[in-house]
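For the sequence shown, the numbering used here assigns the number 1 to the initial residue and increments by one for each residue that follows.
The structure under discussion appears below in the form of structure tokens.
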Amino acid sequence: MANPRIVIGLDFGTTYSGVAWALSDCPDKPEVITSWPGSGNRTTPKVPSTMAFKCGRRFQWGYQTSFFGDHIRGVKILLDESQDPKYVAALESAGFIKKNRNSAIVLAGLYLEQLVLHTKKILQRRFGTAIQSMEMRYVVTVPAVWSDKAKDTTLRAAVNAGISPQGISLVSEPEAAALHCMTVIRPNLIQDGDVVVVCDAGGGTVDLISYCVKTVLPLRLEESAEGTGGICGSMMLDVEFTKFLNGLMNQKIPDKAREIALRFWQDNIKPNFPSDTNFLEEIHFVPLPGVKDNSKIDLKDGFLQLDGAQIKAIFDPIVKQVQDLVGDQVARVDASGKSVKAILLVGGFGSSEYLYQCIQKAYSPIIVMQPPNSGAVRHGIEDNQVGKRIARRHYGVDFISFLPENLAKYPGVQHVWCDLREKWFVPDMMQWYLQKGQEVLENRPVRVPFHRVFTDNTRPVFYDQIDVCGDHEAPERLNDNVFGVCTLKSDLRAIPTSLFVKKTNSKGKKYYTVNYDLVMTPLSGSIKFELEFNGASYGQIEATY
Numbered sequence: 001m002a003n004p005r006i007v008i009g010l011d012f013g014t015t016y017s018g019v020a021w022a023l024s025d026c027p028d029k030p031e032v033i034t035s036w037p038g039s040g041n042r043t044t045p046k047v048p049s050t051m052a053f054k055c056g057r058r059f060q061w062g063y064q065t066s067f068f069g070d071h072i073r074g075v076k077i078l079l080d081e082s083q084d085p086k087y088v089a090a091l092e093s094a095g096f097i098k099k100n101r102n103s104a105i106v107l108a109g110l111y112l113e114q115l116v117l118h119t120k121k122i123l124q125r126r127f128g129t130a131i132q133s134m135e136m137r138y139v140v141t142v143p144a145v146w147s148d149k150a151k152d153t154t155l156r157a158a159v160n161a162g163i164s165p166q167g168i169s170l171v172s173e174p175e176a177a178a179l180h181c182m183t184v185i186r187p188n189l190i191q192d193g194d195v196v197v198v199c200d201a202g203g204g205t206v207d208l209i210s211y212c213v214k215t216v217l218p219l220r221l222e223e224s225a226e227g228t229g230g231i232c233g234s235m236m237l238d239v240e241f242t243k244f245l246n247g248l249m250n251q252k253i254p255d256k257a258r259e260i261a262l263r264f265w266q267d268n269i270k271p272n273f274p275s276d277t278n279f280l281e282e283i284h285f286v287p288l289p290g291v292k293d294n295s296k297i298d299l300k301d302g303f304l305q306l307d308g309a310q311i312k313a314i315f316d317p318i319v320k321q322v323q324d325l326v327g328d329q330v331a332r333v334d335a336s337g338k339s340v341k342a343i344l345l346v347g348g349f350g351s352s353e354y355l356y357q358c359i360q361k362a363y364s365p366i367i368v369m370q371p372p373n374s375g376a377v378r379h380g381i382e383d384n385q386v387g388k389r390i391a392r393r394h395y396g397v398d399f400i401s402f403l404p405e406n407l408a409k410y411p412g413v414q415h416v417w418c419d420l421r422e423k424w425f426v427p428d429m430m431q432w433y434l435q436k437g438q439e440v441l442e443n444r445p446v447r448v449p450f451h452r453v454f455t456d457n458t459r460p461v462f463y464d465q466i467d468v469c470g471d472h473e474a475p476e477r478l479n480d481n482v483f484g485v486c487t488l489k490s491d492l493r494a495i496p497t498s499l500f501v502k503k504t505n506s507k508g509k510k511y512y513t514v515n516y517d518l519v520m521t522p523l524s525g526s527i528k529f530e531l532e533f534n535g536a537s538y539g540q541i542e543a544t545y
């Protein structure tokens, strides 16, 4: 009898990371790793996404790193170059990377490598030598709002960590959360046809996607609205707290004192607010050692008195951003003719009591819940539970058009002469094959046809660029809002030349024309491309982002 497969879910976060695993024959019983190097006897489902190089060489990660001193945080945010990292720790890490001629992908790979090695040690203790013959599959979560390039960068970081490219897949964080949450709450609340908004509020990003539950048993979901999100996770509360301190003090705060105050905020105030029903009367004493007393701001003996109203003022700007994102999803669902049954708050920030209260108050009578989440594991075991997704961008290609109607339509555009085909053409035309907001089915991939020419002196190897655009309406021609997301190498040398169409122009120049399709399948956290010629598949194509 074959050994069951082990599916390992890696939740690589901006501030904290986690790992859960399950056997393929026990998908409803995922186990969460709670012991970590450097944590002593403390058990916790999360490990800090921090790393450091002790004495410049020895690599430390997670709880091995001390809170004080030079260490690297927020690397995940730096994997998406299209985002603006307002998180101070991420900006400091970017400075370290530049100074040491390093890269975010290398550092992320080093961290993930330690996460994987620790996971393997845990599994070794559980299964002994049997683990050597058990297949392992890894599922890595990525923010839904990330660019395709950032998702590919995360995938390459995981491969750098020692994971086989064939043994890894990506899943969007809200989809992973939805898969697990539905199995936890469905006996009591969710029914066929209900729509839920999943708000995955983590340390860095907040991702939202709305799902329609087609069937509860077996669980089948469909996206109901285009996913949205932003960088307004709990790390931004740290930014607001630091701004509050700087605005309150009329003296420079020593770096050590600022770090101690921030640590107290992160460990004692932020995760527990509000600790009382009448939270405005809360009083906390934030340590600021070495800072002079100031009775005007209740700073005495190295402690700053912080009340509930001040804490609320720190929380409110960030909570408002999350609240608006939730409202946008609810409005999108309403516009589609459906209504939201429940809002699921997941992720580290999603477990905040204050965020829960604000969302509940703003969107009553919609039910708001905070279920647990180990969805990456379930995605790896049953990876086709979301039958329909919504495209977040337009996807297409730029091409040259020989059509007379396009030549007439763009008389002001400089037309170009093709010596080989002996025709004029219009450059920089756009052909869109996947529209923003369009429904995408995994069992119905998108075909992108290409028409290419080559001569005996050239090889049938073509580099095709896939373009994207986030505008509401896709443009007819290339403009500044259209940018290339990846380049695909289509190598047709394995196809006999006799299958191509041979032509000769008026000057006796011989050339071949070839038609082929790039088959695009948008998955949860990535896009798969395959090459087809005359209806036959020639395998998966690697994309260069």
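Backbone N, C-alpha and C define an ideal beta-carbon position, used for all residues, glycine too.
Pull up the DSSP beta-bridge partners for residue i, would you.
i: F425; result: V416
i: G396; result: W432, D467
i: K300; result: F303
i: F462; result: S490
i: I390; result: E439
i: P287; result: F303
i: C199; result: L208, L345
i: T513; result: V453, V501
i: N294; result: L299
i: M520; result: V446, F529
i: G484; result: D467
i: R477; result: M429
i: V213; result: L221
i: T544; result: T487
i: S401; result: V426
In the DSSP assignment, find the beta strand (DSSP E) that holds residue i and state where it starts and stops.
i: K151; result: Here K151 belongs to no beta strand (DSSP E); instead the alpha helix (DSSP H) covers 148 to 160.
i: G9; result: 6 to 11
i: R137; result: 136 to 142
i: L170; result: 168 to 172
i: L541; result: For clarity, residue 541 is Ile in the given sequence; the question names Leu instead. Looking at the DSSP string, the run of the beta strand (DSSP E) that includes I541 is 536 to 541.
i: A257; result: Where A257 is concerned, there is no enclosing beta strand (DSSP E), although the alpha helix (DSSP H) it sits in stretches over 255 to 264.
i: K528; result: 527 to 533
i: L23; result: 16 to 23
i: E226; result: 220 to 230
Which residue marks the beginning of the alpha helix (DSSP H) containing residue i, and which one marks its end?
i: G247; result: 235 to 248
i: E405; result: 404 to 409
What whole-angstrom Cβ distance do residue i and residue j have, given they're in contact under 8 Å?
i: V546; j: V330; result: Outside the shown range of the chain, which is 1 to 545, sits residue 546, and nothing can be said about it.
i: A108; j: V75; result: 5 Å
i: M430; j: D464; result: Not quite, the Cβ-Cβ distance comes to about 14 Å (not below 8 Å), so this is no contact.
i: V386; j: E175; result: 6 Å
i: L299; j: L288; result: 7 Å
i: I163; j: V116; result: 6 Å
i: Y138; j: A158; result: 7 Å
i: Y512; j: F500; result: 4 Å
i: L179; j: K151; result: Wrong, their Cβ atoms sit about 18 Å apart, outside the cutoff.
i: P445; j: T521; result: 4 Å
i: T119; j: I253; result: No, T119 and I253 are not in contact; Cβ-Cβ is about 39 Å, not under 8 Å.
### Task
Run through the stretch 309 to 375 for me and flag every whole alpha helix (DSSP H) of 4 or more residues, listed as ranges in chain order.
353 to 362
### Message
Just to confirm the assignment: which complete beta strand (DSSP E) runs, minimum length 3, are found wholly within the stretch 28 to 106?
### Response
50 to 54, 58 to 61
### Query
Is the stretch 237 to 256 touching the stretch 44 to 58, taking contact as three or more C-beta pairs under 8 Å?
no
### Message
Under 8 Å: do the stretch 125 to 137 and the stretch 11 to 18 share three or more Cβ pairs, one atom per stretch?
### Response
no
### Meets three-Cβ-pair contact criterion under 8 Å: the stretch 246 to 262 and the stretch 419 to 429
no
### Query
Taking one C-beta from the stretch 465 to 481 and one from the stretch 393 to 406 each time, how about it: are there three or more such pairs within less than 8 Å?
yes
### Query
Does the stretch 225 to 232 come close enough to the stretch 324 to 338 to have 3 or more Cβ pairs within less than 8 Å?
yes
### Query
How about the stretch 474 to 490 and the stretch 345 to 361: do they share at least three Cβ pairs that are nearer than 8 Å?
no
### Query
Does the count of Cβ pairs from the stretch 521 to 539 and the stretch 492 to 508 closer than 8 Å reach three?
yes
### Query
For the 8 Å Cβ check, are there 3 or more pairs between the stretch 399 to 411 and the stretch 437 to 447?
no
### Message
So, does the stretch 339 to 354 touch the stretch 191 to 210, judging by three or more C-beta pairs under 8 Å?
### Response
yes
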